[in-house]
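Asks:
This is the structure in structure tokens:
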């Protein structure tokens with residue numbers, strides 16, 4: 317699969333791979349093509365025996381604005397998605413593939429993954445960043461999940477309680493307000509916060525330090541740490557939440573929002589939709 321919206325760069329004789337979401341003109345908004353290319357890029361890193369650490373980032377001023385809400389994103393070309401199913405069954409298959417299975421392939425990579433986050437990291441992008449093992453954020457990074465404002469339930473993977481605790485996750489999701497990098501570090505979402513002009517340098521330095529460790533040891537310990545999360549219930553929580561998310565799509569409130577969203581986009585484009593979605597909330601106090 318040729319990569320069109322994703323860059324794959326080998327560093328230090330291939331010991332480190334940098335995977336870059338490359339749609340800067342739309343703040344790396346994730347359509348199905350970008351998500352499938354991410355999967356392909358991570359599989360390339362998985363099966364390359366020289367690779368010890370993977371860095372994931374976004375080109376331009378932001379990590380990613382999340383799911384492509386413009387209506388102009390390219391649909392999935394995966395054969396699995398060519399189906400006669402309709403309604404809930406089709407929606408569940410699509411979201412399981414694009415937003416769960418592909419994301420979990422990042423979480424379950426046998427090699428450590430560092431998310432290098434600058435600018436916006438919103439909703440679907442937050443899910444992807446939280447699939448990494450470590451998050452290094454620039455001082456201007458902003459984390460947000462405003463999905464409840466659109467009625468669907470907190471995006472397809474409920475990552476927040478695992479990365480910031482349940483009580484903080486409730487506030488974060490129930491308001492949809494952005495969280496700055498300093499607060500993200502305080503609640504445990506981000507591992508490090510660095511100046512924007514030092515972000516790439518600091519992330520690479522961390523990757524190089526991890527790459528000094530015996531790869532098999534890091535891989536086994538990562539597997540054990542992920543298993544600890546699963547014993548605590550993370551995998552079951554993810555499975556349950558996807559069903560909650562799908563149910564929320566079929567409420568009357570969601571249907572009305574969908575109609576209003578399509579009208580807003582048709583009348584004024586993506587900016588009009590964002591104003592429609594967030595206008596009642598104003599700026600974070």
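Numbering (our numbering), first residue to last: 317 to 601. Cβ atoms here follow ideal geometry from the backbone N, Cα and C, with glycine treated the same way.
1) Anyone know if the C-beta pair for residue 428 and residue 534 falls short of 7 Å?
2) May I ask you to verify whether the stretch 543 to 556 touches the stretch 486 to 494, counting CB pairs closer than 8 Å and requiring at least 3?
3) Report yes if the CB atom of residue 453 is closer than 7 Å to the CB atom of residue 482, and no otherwise.
4) For residue 537, count neighbouring Cβ atoms within 10 angstroms of its own Cβ and tell me buried if that reaches 16, exposed if not.
5) Give the secondary structure of residue 642 by DSSP, where H, G and I count as helix, E and B as strand, and everything else as coil.
6) Could you check the C-alpha separation between residue 523 and residue 326 for me, to the nearest Å?
7) Determine the closest residue to residue 379 out of 337, 586, 385, with distance taken between C-alpha atoms.
8) Cβ of residue 384 within 7 Å of Cβ of residue 330?
9) Report the three-state DSSP secondary structure of residue 506 (helix, strand or coil).
10) If you check the beta carbons only, do residue 382 and residue 440 fall under 7 Å apart?
11) Which runs of the alpha helix (DSSP H) fall wholly inside the stretch 404 to 436 and span at least 4 residues, in chain order?
12) Based on Cα-Cα distance, which residue from 520, 411, 343, 591 lies nearest to residue 563?
13) Kindly indicate which three-state DSSP category residue 589 falls into: helix, strand or coil?
14) May I ask you to report which of helix, strand or coil DSSP gives residue 548?
15) Using the Cα positions of residue 361 and residue 370, report the straight-line distance between them to the nearest angstrom.
16) Is the separation between the beta-carbon of residue 509 and that of residue 455 shorter than 7 Å?
17) Would you kindly work out how many angstroms separate the C-alpha atoms of residue 588 and residue 334, rounded to a whole number?
18) State the Cα-Cα distance for the pair residue 448 and residue 324, rounded to the nearest angstrom.
19) With residue 580 and residue 467 assumed to form a contact (beta carbons below 8 Å), what rounded beta-carbon distance in angstroms separates them?
20) If you draw a straight line from the C-alpha of residue 514 to the C-alpha of residue 405, how long is it?
21) For residue 322, which residues does DSSP report across the bridge?
22) Using 8 Å for Cβ pairs, my map puts residue 446 next to residue 479. What's the rounded Cβ distance?
23) Inspect the beta-carbon positions of residue 372 and residue 419 and report whether they are closer than 7 Å.
24) Leaving out five residues on either side along the sequence, give the residues of the same chain with a beta carbon under 6 Å from the beta carbon of residue 344.
25) On a Cα-Cα basis, can you pick out the residue from 346, 573, 487 that is closest to residue 444?
26) Note down, in chain order, each residue of its chain lying with its Cβ closer than 8 Å to the Cβ of residue 527, except the 5 sequence neighbours on either side.
27) For residue 469, count the other beta carbons within 10 Å of its own beta carbon; 16 or more makes it buried, fewer makes it exposed. Which is it?
28) Would DSSP call residue 331 helix, strand or coil?
29) Would residue 560 be called buried (16 or more neighbouring beta carbons within 10 Å of its own) or exposed?
Replies: With the structure as the only source:
1) Residue mapping note: residue 428 aligns to position 112 of the chain shown, counting from 1. Residue mapping note: residue 534 aligns to position 218 of the chain shown, counting from 1. In contact: residue 428 and residue 534 (Cβ atoms closer than 7 Å).
2) No contact exists between the stretch 543 to 556 and the stretch 486 to 494.
3) If you number the chain shown from 1, residue 453 lands on position 137. If you number the chain shown from 1, residue 482 lands on position 166. Not closer than 7 Å, so no.
4) In the chain shown, counting from the first residue as 1, residue 537 sits at position 221. Classification for residue 537: exposed.
5) Residue 642 cannot be examined here, being either before or after the span of the chain that is shown, 317 to 601.
6) As a position in the chain shown, residue 523 is number 207, starting the count at 1. As a position in the chain shown, residue 326 is number 10, starting the count at 1. Using only the alpha carbons, I get a separation of about 13 Å.
7) Looking up residue 379 in the chain shown gives position 63. For residue 379, the nearest C-alpha among the options comes from 337.
8) The residue you call residue 384 lines up with position 68 of the chain shown. The residue you call residue 330 lines up with position 14 of the chain shown. Note that the C-beta distance between residue 384 and residue 330 is not below 7 Å.
9) Against the chain shown, residue 506 aligns to sequence position 190. Here residue 506 sits in coil by DSSP.
10) What you label residue 382 is simply residue 66 of the chain shown in a count that begins at 1. What you label residue 440 is simply residue 124 of the chain shown in a count that begins at 1. Contact: yes.
11) For the stretch 404 to 436, whole alpha helix (DSSP H) runs of length 4 or above, ordered along the chain, are 418 to 423.
12) Translated into the one-based positions of the chain shown, residue 563 becomes position 247. Selected option, being the one with the closest Cα: 411.
13) Counting from one through the chain shown, the residue named residue 589 turns up at place 273. Residue 589 falls in the helix class under three-state DSSP.
14) Within the chain shown, residue 548 is the residue found at index 232, counting from 1. Correct three-state label for residue 548: coil.
15) Along the chain shown, read from residue 1 onward, the residue named residue 361 stands at position 45. Along the chain shown, read from residue 1 onward, the residue named residue 370 stands at position 54. For residue 361 and residue 370, the distance between alpha carbons rounds to 7 Å.
16) Start at 1 with the first residue of the chain shown, and residue 509 comes out as number 193. Start at 1 with the first residue of the chain shown, and residue 455 comes out as number 139. Cβ atoms of residue 509 and residue 455: closer than 7 Å.
17) Against the chain shown, residue 588 aligns to sequence position 272. Against the chain shown, residue 334 aligns to sequence position 18. Taking the straight line joining both Cα atoms gives about 34 Å.
18) Residue numbering aside, residue 448 sits at position 132 when the chain shown is read from its first letter. Residue numbering aside, residue 324 sits at position 8 when the chain shown is read from its first letter. Distance between the alpha carbons of residue 448 and residue 324 is about 17 Å.
19) As a first step, residue 580 must be located in the chain shown, where it is residue number 264. As a first step, residue 467 must be located in the chain shown, where it is residue number 151. In fact, because the Cβ distance is near 15 Å, the residues do not count as touching under 8 Å.
20) As a position in the chain shown, residue 514 is number 198, starting the count at 1. As a position in the chain shown, residue 405 is number 89, starting the count at 1. Using only the alpha carbons, I get a separation of about 46 Å.
21) In the chain shown, the residue the question calls residue 322 occupies position 6. For residue 322, which the question treats as bridged, DSSP gives the partners 337.
22) On the chain shown, position 130 is the one that residue 446 refers to. On the chain shown, position 163 is the one that residue 479 refers to. About 5 Å separates the two Cβ atoms, so the contact holds.
23) If you number the chain shown from 1, residue 372 lands on position 56. If you number the chain shown from 1, residue 419 lands on position 103. Not a contact, by the Cβ cut-off of 7 Å.
24) In the chain shown, residue 344 corresponds to position 28, counting from 1. Correct list, in chain order: 337, 374, 380.
25) By 1-based counting over the chain shown, the position of residue 444 is 128. Ranking 346, 573, 487 by Cα distance to residue 444 puts 346 first.
26) Here residue 527 corresponds to residue number 211 of the chain shown, with the count starting at 1. Excluding residues within five positions, the ones whose Cβ falls inside 8 Å are 328, 331, 332, 368, 369.
27) Within the chain shown, the letter at position 153 stands for residue 469. The C-beta of residue 469 has 16 or more other C-beta atoms within 10 Å across all chains shown, which makes the residue buried.
28) Here residue 331 refers to the residue found at position 15 of the chain shown. Looking at residue 331 - three-state DSSP - the assignment turns out to be coil, as it is neither helix nor strand.
29) Here residue 560 refers to the residue found at position 244 of the chain shown. So residue 560 counts as exposed.
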